[in-house]
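Keeping their order, the protein sequence lines are chains A and B.
Residue numbers for the first sequence follow full-length UniProt numbering, beginning at 1 and rising by one.
Residue numbers for the second sequence follow full-length UniProt numbering, beginning at 1 and rising by one.
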Amino acid sequence: MEVDNKDNANPTILNPSDLPSRRQTKLATDKPAGLFDSLLPVHPLPVDHSSLSSDDEEDREEIDEQEVYDLISSISDPEHPLSLGSLGVITLGDIAIAAPSSPRSRISTVTVLLTPTTSACSLTTVIGLGVKVRLLQALPPRFRVDVRIKEGTSQTADEVNKQLADKERVAAAMENRSLVQVVNTMLATCE
Amino acid sequence: MSDIQLYLLEVDKDKQEAKNIAVQSGVKLRNRQLKLIDLITSLQEYINDKDDAAIRAKSVAYLADVLENVPSKVLSGQERRLLSDFILGRIEGDLEGIGHSARALIALEAQGKWDAETAKTVARTFVDYANPLKQFKLQTDRYATIQLFDILLSKYRTPLKELHDADPEFMAAFVALFEGEKDPRNLMLVFSILQVPMTEWDIHAHAQDLFDAVFNYFPVTFKPPPDDPYGITAQDLKDRLRDCIAATSDFAAFSIPALLDKLDSSSMNTKRDVLQAIQACVVGYTPNTINQYSVPLWDALKFEILNVQENDLAEASLQALALIAAKFAENEGRLNTFLGTIIKECNEHLEDAPTKQSQAAGLILHAVAGSAPTVADKIAKGVLPKLFTLHNSSESLAKRRGLLEIFNEIAKAYVGLTLAAPSTNIDTFQESAAEALQATLRAVQRAPKSEVSLRLTAVEGLAFLLAIPRLLTQDQTYQVVDAMTDVILHETIQGHGDIRPQSIQALGEMAHTCPAAIRDRAIPAFMAELPDAPDGNYAFSPVLEAFAQLSAEQQVFDTVVRRLKNKLGAAKHQNASASYQRALLLATLYAFTYGTPVRDEDGVIKSSYYTEYAEPLIRDLHEAASVTPNMQDTAEIVGRICNIILRPQGVHFQNTIHNQHMFWTAPTEGHADMAAPYLESIAPLSLYYYAALRPEVVEPTEILSLLKTLTSEATNEKSDGPRLHLILRHLSLLINKYINPKTLQPTLEAAGIKLDTLLSSPTATPTSTSLAFTTLKALLIQGRSPALTTTYLQALLALLSDPTASIAQRFPALLAEDDILIKENHCLVSGLYKQRTFNQTVPLLIAAVQQASSDPQIKQNHLIALSGILKWLPYSMLQPSLSALVPPLLQTLDLPAPDAKAPALTIFESVLMHEPSLVAEHTASLITRLLNSTTTTAATNTTPGQTSVTAANVASVRAKALQCLTLVPRQLKRETVVPYRRQVVKKLMFCLDDGKREVRAEAVRCRKAWLGLDEEEEDDD
């Protein structure tokens, strides 16, 4: 029988209902669709331009921490068939978006702090790389992406942080075919 | 020339002709024109031809063909015996034509049953002289022989068993006979032949030979050829093979180790087959046998569950464990040993719950406990005390949740057992019931609200506890229902921490298992919570919505609607706000629409609901509308309640109602000044009421006068608003359902609807155009006046060429979904109306688009109309015309008309999914247009030859365009799309910053798909 040689064979898994999601964090002021609404369907008038009107275009939904969480929490762990969200590697509280530092700048910064499942997790760098790649692909270019290991959670944090912060090294890593393959497998579970 | 000579001449050239010759010989035998002895003699020369094996084989084929075709009773028993001796005798010396020999024997057997001795000789001859069959290269040779054995083992089991009993060597030779067979059709028979000795004979000494003979084929990796005429699937072979493996406990010593070995395979399909075979073995082998292997089985199966590779494998492993437990259910000793191990290991996983493994332990306990009451009893005894000790001594809420999850699994097993057999003994489980109740109630009532998973687990547990009959006392049941009701009524958490939806669902389940407790406790609590007249700040919707959902359970339905009715009465009496009364009405409508009202023996909703609920509501509305204007909203809700109860009722009941009902067609006396506002108020009720009636209930004169009134109202209506729309829906109902198609035109004219005039004047008012569209829609759906419909439809299409007419936007209305013109409302709905409309409009529209290139306005009219029609048609209907549709649809994407773009994008999505090749030649223009459809700002179209400005796209169009664009790299050939990769990926960057979250999410997906093109490129290098 297969020998378990994983760093952490039996990790604690968060229950999906305890993970943050947009539905649950909806503002109380949003009027929820009532149960009875569907009973009286609004009949479109013969000539109707309201159904596709653009008046809902005005209020812009800004990119927020939850949206960043949704982008990266579904990345799977390279050693378990589980998502980084359910393993607690990524938590909503450890994602921060900083507005542009000056009014003239358009550049916002997204900071993501990772919590490895064990302090000796050897795959921390790969996980960090996966998160970084995903955000670079999925966020508009006006965001600067900063992925780091949360302080005190990994023995190799400094080294990993240095690698992740180094543009050249990230680019070089993505030239490495086997590494690219691992990252792609991790990202395959993202919608 | 003798028949055999003729046969030998033909057989290689024309099989059928040769067969005819053999048939003729059979006829001659019957007519006594030919004696059997002469026939055999005529064969001698060929069947014994020393130099030509092929001639010998063909001669046997002739004999077989004759015997297969000779009518029954022509050959005497004596003759048949001689013939079989002759054939068997030949086999001893010459194996040429073995398949034909077998066929001949099969034919002889079909003419008269063999005695035991003949059967034995036949079997022996083949086993001794034709062994192994794999020496015969022709599949047909082997197939006929195998068929012969199939007959022997289905009809002559005793003689064959005697062969085996008398000769210890027979079995080895018998098994060797079929060794090395590879043809699937033959194998199907071989497996079923071998299964007979496996199941019925004492084969202990030959177990390994027999087992190996079948297990050599495991796992089956057969892929049937695409044009296989026999239709044998891999699954057929797998099923038969599995039956063989599980046929006798004697195999266990070989099968279980071999299967467990193969379970370590890296192929998921092999593992799947192994697990199914293990399940079959557990069912097939004796309990004692399984007992010997229960430890290795447990170890292997456990591994599959704790380290899930694929869900179905874990599921199959759980099922296998359950089957083992069921096998031991009647034997205390075996059960204790088996369960002892399971309980011990699962209890170890309880210690560090919640983990992946504690979750798996829960699944194992559920599967095993669900297999039999005795098993559940032991699981409950072995696990629950420990579980609750751990639970009660732990301060960690996560741990408590993990433990309760495991408790739920065991409880769920009991729910299943008691559902199957209500008298199941639950004594042991009951010993933990009080503790379980306390733990779950504590979690629901006192845990911090942010502990969602803990509380949800507890809610689920409470529902299970109530679903097990006799488990809780009445007081305890009340406690549970009260706790659920309390959450539903008093928790007002928004966002994270809101467990009301699940609690409402749980209360619904409890209404099913304990309706009395719901009636006694929950419903009164709801009623106490709902005031008669709430003040302005009271949010009644959450309570009412939860209450209405209880109506899903039939056992409490009547109580729910009666309480709603009483509450509405009290609300009226107290002059409660209109919005509250409306909500109570909507709750009633919800109950009748989505709930489970009582039905009569024909499945029709009880008619007494009408008298009890609809009628008083109509009466109240009538009175209210007589003094207060603008009651349309209430009238619509009342109308819908009335409609849903009345429409399935029979003619008799409807007649009675219709005769009494006319009171509400006019305002109550003394309010004459209210006549016009009154009629306007109750118009929606009138619509839904007439929609419910069967056509035979209403007199034609009544319909005509209604038509006249409505037509004149419609013509007088100035604005094209909701009021007109309601009148038109009513008109379309009357035209579709009540007018006899034969008198259609005169009736319409009598009512004042002159379609010819309406359609011929291009300067028609919006009202008259609406009237024309409405009438046409009613007729289209009805499909009974095709000639007239076609004329009008063409008149309508002709109007599109008038650049000043603005009717193109109305085309979607023609086929739009309609909740009035449906069969449930006894309307005439032709099954073909969409297809017919398609045929009559789409080709014309496509042609018009091609011709109208000179005038952009006319072209646009046609494109918009086309998209309006296509919007409602199923993809399968468009399929045959897609290649003609793609160009106009691409042009539609250039229009500044979001209503027209959306259907076009939906069609492109389907085309990309199902027939990407159709858009391949338009790749460049499709990609450009899709990208243009994703922008928010007005973009300049750069299609060669024309330059136009596209209006801004709405969010739903942008999202749909991105969905289509995501499919492009997946569905089109790589080399076609790669050149666009850079451009698309760059452009999509802007979509990542779209103002709408939904669009951004699509953009991320889309960009991922296009970025993915790169990787493949690297892989190809």
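Beta carbons: idealized from backbone N, C-alpha and C, even for Gly.
Predicted model, so just to flag it, every value in this text is computed and none were measured.
At least one beta carbon of chain A lies nearer than 8 angstroms to the beta carbon of H496/B. Taking the beta carbon of S541/B as reference, the chain A residues within 7 angstroms of it are G34, listed in sequence order. Unbroken alpha helix (DSSP H) stretches of 4 residues or longer found wholly inside the segment 877-953 of chain B: 882-892, 898-914, 917-920 and 923-932, given in chain order. Residue environment: S876/B is assigned as exposed (fewer than 16 neighbouring CB atoms within 10 Å of its CB, all protein chains considered).
Counted as a single uninterrupted DSSP element, the beta strand (DSSP E) harbouring T111/A occupies residues S108 to L114. Annotation: Cβ neighbours of R1005/B in chain A (cutoff 7 angstroms, chain order): E191. For D70/A, the enclosing alpha helix (DSSP H) starts and ends at E65 to I72.
CA-CA distance, K161/B to Y143/B, rounds to 23 angstroms. In the displayed model, R177/A falls within a helix according to three-state DSSP. Here M631/B is buried: its Cβ has 16 or more other Cβ atoms, across all protein chains shown, within 10 Å. Restricting attention to alpha helix (DSSP H) runs no shorter than 4 residues, the segment 476-526 of chain B encloses them at 500-513, ordered along the chain. According to DSSP, D146/A shares a beta bridge with T111/A. Scanning S102/A, P20/A, Y69/A and L35/A for the CA closest to the CA of T111/A turns up Y69/A.
Taking 8 angstroms as the cut-off, the Cβ atoms of R240/B and F174/B do not count as close. The criterion of a C-beta distance shorter than 8 angstroms is satisfied by P898/B and N953/B.
The way I'd put it, the segment 919-935 of chain B does touch the segment 967-985 of chain B; three or more beta-carbon pairs between them come closer than 8 angstroms. DSSP places A583/B inside the alpha helix (DSSP H), whose first and last residues are A578 to Y594.
With at least 16 other beta carbons inside 10 angstroms of its own, R647/B counts as buried.
Across the structure, D633/B and E623/B are spaced so that their CA atoms are roughly 15 angstroms apart. Rounded to whole angstroms, A325/B and V368/B show a C-alpha spacing of 6 angstroms.
Taking the Cα positions, R30/B is about 7 angstroms away from P71/B. Bounds of the alpha helix (DSSP H) holding I40/B are L36 to I47. For the segment 715-732 of chain B, the residues whose beta carbon sits under 9 angstroms from a beta carbon of chain A are, in order, D720, G721, P722, L724, H725, L726, L728 and R729. DSSP, reduced to helix, strand and coil, places I87/B within a helical segment of the structure shown. Listed along chain B, no residue sits closer than 9 angstroms to P78/A by beta-carbon distance, the nearest being about 16 angstroms off.
Near chain A, meaning a CB-to-CB distance below 8 angstroms, the residues of the segment 327-358 of chain B are D352, P354, T355, K356 and Q357. Taking C-beta atoms under 8 angstroms as the contact rule, S76/A and M186/A qualify, at a distance of about 5 angstroms.
Straight across, the Cα-Cα distance linking I406/B with R958/B is about 46 angstroms.
Within the DSSP secondary-structure output, R599/B pairs in a beta bridge with I605/B.
With its beta carbon at least 8 angstroms from every one in chain B, R106/A lies outside the interface. A Cβ-Cβ distance of about 5 angstroms is found for the pair I645/B and Y610/B, placing them in contact under the 8 angstroms criterion. Within the segment 975-989 of chain B, the residues whose Cβ lies closer than 8 angstroms to some Cβ of chain A are M989, listed in chain order.
The beta carbon of K137/B sits no closer than 8 angstroms to any beta carbon of chain A. Beta-carbon to beta-carbon, L728/B and S770/B are separated by about 6 angstroms, close enough to satisfy the 8 angstroms threshold. Closest in C-alpha terms to D146/A, from the list V133/A, Q155/A, G152/A and T156/A, comes V133/A. Taking C-beta separations shorter than 6 angstroms and ignoring five residues to either side along the sequence, G831/B has no partners in its chain.
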